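Chains as they are written, first to last, in the numbering used here: chain A, 7 to 119; chain B, 525 to 637.
All residues carry an ideal CB built from backbone N, CA and C; glycine is no exception.
Here the structure is a predicted model, which is why all the values come from computation and not from measurement.
Step one of this worksheet: look at the structure below.
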């Protein structure tokens, strides 16, 4: 089955700096890669996603890049703000028409004012 | 438009008791997904249901766990004879069809004592 590895597990940045979180996946059939933000005591919230026919996608301060050959994808947050502090999860689908997602173990991002 | 509603938010059960977790999808959504999150871990897929049908239960433990999504009313995740290892956060998500980008609820935190 699909396996998703996520790094780093914790990340601290100064307010205004950029943050990068990286994930690798194992199943070459995967074609959907979302990123979720989870605040303490809340459910995961979809912040951006990318499909395999696209190499990069951007939404204001957030961008995601995908390298299908290397089977890795990354989340980039620019001009970080304290409210960006949360746990971020990457995920991938196993392909073959399945709608379940395999999640990474998460990255705890702390933005220091 | 209310989001995905899960209740209860917190549930404490003694070993051997039954736990019932409820999930009301967003209005107009007929597809429901259940995930389990252990401490410091990512979410693990359990089951995918449509109204009155289980589509994919490949992530469900073979014993003690069951799920339903009746024609009327919320989806129910039922855990019989709970054990300490069942302690986790259980998240439900819904979507309007067999599409990605589904919306998660705030979860039910189950503690088995």
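_One or two residues paired with residue 44 of chain A in a DSSP bridge_ = Here residue 44 of chain A refers to the residue found at position 38 when the first chain is read from its first residue. Answer by DSSP bridge pairing, in chain order: A/93.
_So with CB distances below 7 angstroms, who are the chain B contacts of residue 49 of chain A?_
Residue numbering aside, residue 49 of chain A sits at position 43 when the first chain is read from its first letter. Here the neighbours are 615, 628, 629, 630, 631.
*Report the residue from B/551, B/597, B/560, B/604 whose alpha carbon sits nearest the alpha carbon of residue 620 of chain B.*
Here residue 620 of chain B refers to the residue found at position 96 of the second chain. Closest option to residue 620 of chain B, Cα to Cα, is B/551.
*Based on Cα-Cα distance, which residue from A/107, A/75, A/73, A/58 lies nearest to residue 568 of chain B?*
For the purposes of this step, residue 568 of chain B is taken as residue 44 along the second chain, with counting starting at 1. Nearest of A/107, A/75, A/73, A/58 to residue 568 of chain B, Cα basis: A/107.
_Beta-bridge partners of residue 544 of chain B, as assigned by DSSP_ = Start at 1 with the first residue of the second chain, and residue 544 of chain B comes out as number 20. Paired residues: B/602.
_Residues near residue 542 of chain B by beta carbon distance below 6 angstroms, same chain, minus five either side_ = Residue 542 of chain B sits at position 18 when you count from the first residue of the second chain. For residue 542 of chain B, where only same-chain residues beyond five positions count, the Cβ hits under 6 angstroms are 604.
*Check each residue of the region 65–85 of chain A: if its Cβ is closer than 7 angstroms to any Cβ of chain B, include it; give the result in chain order.*
none
_On the DSSP letters alone, give me the boundaries of the beta strand (DSSP E) that residue 65 of chain A sits inside._
Start at 1 with the first residue of the first chain, and residue 65 of chain A comes out as number 59. Run containing residue 65 of chain A: 62–65, per the beta strand (DSSP E) assignment.
*Can you say whether residue 549 of chain B is buried or exposed, counting buried as having 16 or more other CB atoms within 10 angstroms of its CB?*
Position 25 of the second chain, counting from 1, holds the residue named residue 549 of chain B. Buried, by the Cβ-count rule.
_I'd like to know if residue 589 of chain B contacts chain A, where contact means its C-beta is closer than 7 angstroms to some C-beta of that chain._
For the purposes of this step, residue 589 of chain B is taken as the residue at position 65 of the second chain. It does not; no Cβ of chain A falls within 7 angstroms.
*Cα separation between residue 28 of chain A and residue 618 of chain B?*
Locating residue 28 of chain A in the first chain gives position 22, counting from the first residue. Locating residue 618 of chain B in the second chain gives position 94, counting from the first residue. About 27 angstroms.
*Mind checking residue 91 of chain A: buried by the 16 CB within 10 Å criterion, or exposed?*
Along the first chain, one-based indexing puts residue 91 of chain A at 85. With 16 or more Cβ atoms within 10 Å of its Cβ, residue 91 of chain A is classed as buried.
*Tell whether a beta-carbon distance below 7 angstroms holds between residue 72 of chain A and residue 94 of chain A.*
Taking the first chain and counting its residues from 1, one reaches residue 72 of chain A at position 66. Taking the first chain and counting its residues from 1, one reaches residue 94 of chain A at position 88. The answer is no: Cβ separation not under 7 angstroms.
*So is residue 566 of chain B in contact with chain A if we call contact Cβ pairs under 7 angstroms?*
As a working mapping, residue 566 of chain B is identified with position 42 in the second chain. Yes - at least one Cβ of chain A is within 7 angstroms of the one on residue 566 of chain B.
*How is residue 55 of chain A classed by DSSP in three states: helix, strand or coil?*
Translated into the one-based positions of the first chain, residue 55 of chain A becomes position 49. Residue 55 of chain A: strand per DSSP, three-state reduction.
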